[in-house]
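Chains as they are written, first to last, in the working numbering: chain U, 1 to 200; chain P, 1001 to 1200; chain H, 2001 to 2200; chain D, 3001 to 3200.
4 protein chains.
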Amino acid sequence: MILLTGFESWGDVSSNPTSELVKRLASDDVVGEVLPVSFRRAGERLEELIRELRPEAVLNLGLAPERPVIRVERVAINLIDARIPDNDGEQPVDVPIDPNGPPCYFSTLPTREVVEALRGEGIPAFLSYSAGTYLCNYVMYKTLRTLDVMGLRTPAGFIHVPYSSEMASKMDKPVPSLPLSTLERAVRIALDVITSSSQA
Amino acid sequence: MILLTGFESWGDVSSNPTSELVKRLASDDVVGEVLPVSFRRAGERLEELIRELRPEAVLNLGLAPERPVIRVERVAINLIDARIPDNDGEQPVDVPIDPNGPPCYFSTLPTREVVEALRGEGIPAFLSYSAGTYLCNYVMYKTLRTLDVMGLRTPAGFIHVPYSSEMASKMDKPVPSLPLSTLERAVRIALDVITSSSQA
Amino acid sequence: MILLTGFESWGDVSSNPTSELVKRLASDDVVGEVLPVSFRRAGERLEELIRELRPEAVLNLGLAPERPVIRVERVAINLIDARIPDNDGEQPVDVPIDPNGPPCYFSTLPTREVVEALRGEGIPAFLSYSAGTYLCNYVMYKTLRTLDVMGLRTPAGFIHVPYSSEMASKMDKPVPSLPLSTLERAVRIALDVITSSSQA
Amino acid sequence: MILLTGFESWGDVSSNPTSELVKRLASDDVVGEVLPVSFRRAGERLEELIRELRPEAVLNLGLAPERPVIRVERVAINLIDARIPDNDGEQPVDVPIDPNGPPCYFSTLPTREVVEALRGEGIPAFLSYSAGTYLCNYVMYKTLRTLDVMGLRTPAGFIHVPYSSEMASKMDKPVPSLPLSTLERAVRIALDVITSSSQA
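Next up, the structure:
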């Protein structure tokens, strides 16, 4: 069983396609969870889920506004630098996520294989080396840290998706996007690669 | 019957989604034509088609590399300023398309209605006020000029589409795109609006 | 004597570098005028200035947010499509600037020479074929229309400048810019080319 | 004494503003070095310089094409993923820089103070959390690794500059840039902040 997470809305993003993706992709084999945009609550919930579910893999999703392609993240850094407050009003600046953790973790998903599989299916995708310094990077680091502390070798990582075209079509300036159906297909392909890889 | 045109490949664009769109959308009611990337030959072919077919409306399609949305063009200017040669090796700079024509034509399609219809269907679309100074603007101007000279009030205009995601997935840098199926849906919606409008 | 115009602030732009440029460049040979962001008042003031001053040339300046280079505009269209209200609260949509005017005017400045001169001095500059559909295009069209109606052959046109680096350094997201001193140098070069050209 | 490094040309970049910056800023207090675009040779040269000079601080410079602002890098990762070969024809993919090193290093420069100082002087600057996976990241990691292995607490880090306007003015598409004189002023300000900070 795979744990798949997304996010509720944040900042000036009125809706977040990853919450819809998580709902669409939840199944017998996939536990979907929409995380709060709160450092404290998202972190606690992630730890709880990992301890309870002992998933075979973890894939966290997030929205990367104004990016034109699927970005498979490779690095999570041990730092929060919040440009805006989270939904609890917290805005840590230059604070480590875990004072006892390493400066960064690399994704333990087969990131290059995921990118190749997406491109092979006609979906623009690239490796990325920064998940930012806000909730997305936090969730990625927290997941990898939790697994590390528990001594588990569970593959885990993060994928950033662009705006859905449905969101972009409501905006008053032109922004890059992909249809929600394409984003859904992309996450399905990623889950397939992760599953095949972890069973191999 | 509507005349729908696209383009063959040009410059560093190895394939042009508009040639595929034209093939997919050709039907009993839509005559599809892939135009050469040649000022002389494209212009002659357009005139010929308009005189022979006497279409109820003309929709020219072109590719706008690196643009994230569907762009419904409103203005064609009486000028060629070619940054690169066409496929015949011609590269006119600061030459009028028709020395006897007006400085520009406005699209006679229901451009705002097309944009609204696309956005209503979740497809990001905007009005645009420049079709460039190369083949796209040329074809738009030539079409409107030909109809004007013939004394016809046939609605005519131009739509720029972004890269297809299928093309973008082969590129070595991230670029905005929409899936070919979305582009196809967009052109269908545009044709519906144009048809409804010209019958009203 | 040359008439040089800029704009006061508008929309979410807290300051407009063109008002500062106009102040810096005013001299015995250059009458500088900061226009209001009001279709009605800017239009009236322009007509008044042209009738009173009978300038040898007119150069209108405006800000093009998020553009990385100097843009020498070549086309002004006979259309207003205001995305936001002007400073008088007016927001015309799809209204011609002058119902009796031609669909567009081409700049009568030596636009290509200005671009070449700027590039020769290490300042990034390009020809542009759309000045938008708001105040900038309006002022360009209105100037060319007024001169045309008066039967004058005075060279006139519009240059869009990017954000000044001084403005960009106060923003909370990375945007392209050039230092105010570079923008000032660019306008001086443009004025020199225009003066030399109109005397030739 | 501060060690300041830049790069010679690479890939499709015909000239690199950082080699010129290094020459301009070399002084009694600043040793300037233009590094080769070669993983092996740049790494060896850096180690050599640090061991011989024992500088009080190290500032590495690099070019970030198409970026609009000064980027003060905060993170160097232990990974090479070269999209193109270096000038020796080497193109490592998914190879650690140092198999014995930590997954990443944080810059030990006062990065936030540098950004604030630049912005205070009207120069657009931002913190950045990825120096890429090519020579720039390599040089930053290698510097921090070398100092770490030697047991030194010398402040060290990396700044990415945009294209110089002089370069951008020769290009055939619009790209963001800042004048070389602004880039020079930016590096001077950074060196001042670093010097004041390391003496404090």
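Each residue gets a CB set at the ideal place from its N, CA and C atoms; glycine is no exception. For clarity, every value in this text was computed on a predicted model and none was experimentally measured.
Nearest to residue i (by Cα), restricted to the options the options
i: Gly3062 (chain D); options: D:Glu3047, D:Ile3080 and D:Val3037; result: D:Val3037
i: Ala3117 (chain D); options: D:Thr3108, D:Val3030 and D:Ser3196; result: D:Ser3196
i: Leu1144 (chain P); options: P:Asp1088, P:Cys1104 and P:Leu1079; result: P:Cys1104
i: Ala131 (chain U); options: U:Glu166, U:Pro65 and U:Met1; result: U:Pro65
i: Ile194 (chain U); options: U:Gly120, U:Val115 and U:Ser128; result: U:Val115
i: Asp2086 (chain H); options: H:Asp2098, H:Tyr2138 and H:Ser2027; result: H:Tyr2138
i: Pro1096 (chain P); options: P:Asp1088, P:Glu1113 and P:Asn1078; result: P:Asn1078
i: Gly2043 (chain H); options: H:Arg2071, H:Thr2146, H:Ser2169 and H:Met2171; result: H:Thr2146
i: Glu3090 (chain D); options: D:Thr3154, D:Arg3041, D:Glu3020 and D:Pro3162; result: D:Arg3041
i: Gly151 (chain U); options: U:Pro162, U:Arg51 and U:Arg112; result: U:Arg51
i: Arg112 (chain U); options: D:Pro3099, D:Val3093 and D:Arg3071; result: D:Val3093
i: Asn3100 (chain D); options: D:Met3171, D:Asp3148 and D:Glu3166; result: D:Asp3148
i: Ser3164 (chain D); options: D:Arg3153, D:Ser3181 and D:Phe3158; result: D:Ser3181
i: Asp3029 (chain D); options: D:Glu3048, D:Glu3047 and D:Met3001; result: D:Met3001
i: Phe158 (chain U); options: U:Cys136, U:Leu49 and U:Glu48; result: U:Cys136
Cβ pair residue i, residue j closer than 8 angstroms
i: Ala186 (chain U); j: Leu109 (chain U); result: no
i: Leu183 (chain U); j: Pro17 (chain U); result: yes
i: Ala2076 (chain H); j: Tyr2134 (chain H); result: no
i: Ile3080 (chain D); j: Phe3039 (chain D); result: yes
i: Leu2059 (chain H); j: Arg2188 (chain H); result: no
i: Pro102 (chain U); j: Pro3102 (chain D); result: yes
i: Arg119 (chain U); j: Ser1027 (chain P); result: no
Assumed close pair residue i, residue j - CB separation to whole angstroms, cut-off 8 angstroms
i: His1160 (chain P); j: Arg1067 (chain P); result: 7 angstroms
i: Glu8 (chain U); j: Val34 (chain U); result: 6 angstroms
i: Leu1003 (chain P); j: Leu1053 (chain P); result: 6 angstroms
i: Ser198 (chain U); j: Glu56 (chain U); result: 6 angstroms
i: Gly3006 (chain D); j: Ser3015 (chain D); result: Gly3006 (chain D) to Ser3015 (chain D), Cβ: 11 angstroms. No contact.
i: Val1069 (chain P); j: Pro1162 (chain P); result: 7 angstroms
i: Ser2128 (chain H); j: Arg2071 (chain H); result: 4 angstroms
Where residue i meets chain A, residues with beta-carbon distance less than 8 angstroms
i: Thr2133 (chain H); result: Here chain A cannot be found, since the structure's protein chains are U, P, H and D.
Residues bridged to residue i [DSSP beta-bridge criterion]
i: Gly3151 (chain D); result: Note: Gly3151 (chain D) sits in no beta bridge, so no partner.
i: Asn1060 (chain P); result: P:Thr1005 and P:Phe1158
i: Leu127 (chain U); result: U:Val72
i: Ile3097 (chain D); result: Looking at the DSSP assignment, Ile3097 (chain D) forms no beta bridge with any residue, so it has no partner.
i: Leu3035 (chain D); result: D:Phe3007
i: Ile50 (chain U); result: Its beta-bridge partners do not exist; DSSP assigns none.
i: Leu1178 (chain P); result: P:Ser1164
i: Cys104 (chain U); result: U:Ile77
i: Glu1030 (chain P); result: In the sequence on display, residue 1030 (chain P) carries Val and not Glu. Per DSSP, P:Ile1002.
**Request:** Take every Cβ of the stretch 3170-3179 of chain D, pair it with every Cβ of the stretch 2116-2136 of chain H, and state whether three or more of those distances are shorter than 8 angstroms.
**Result:** yes
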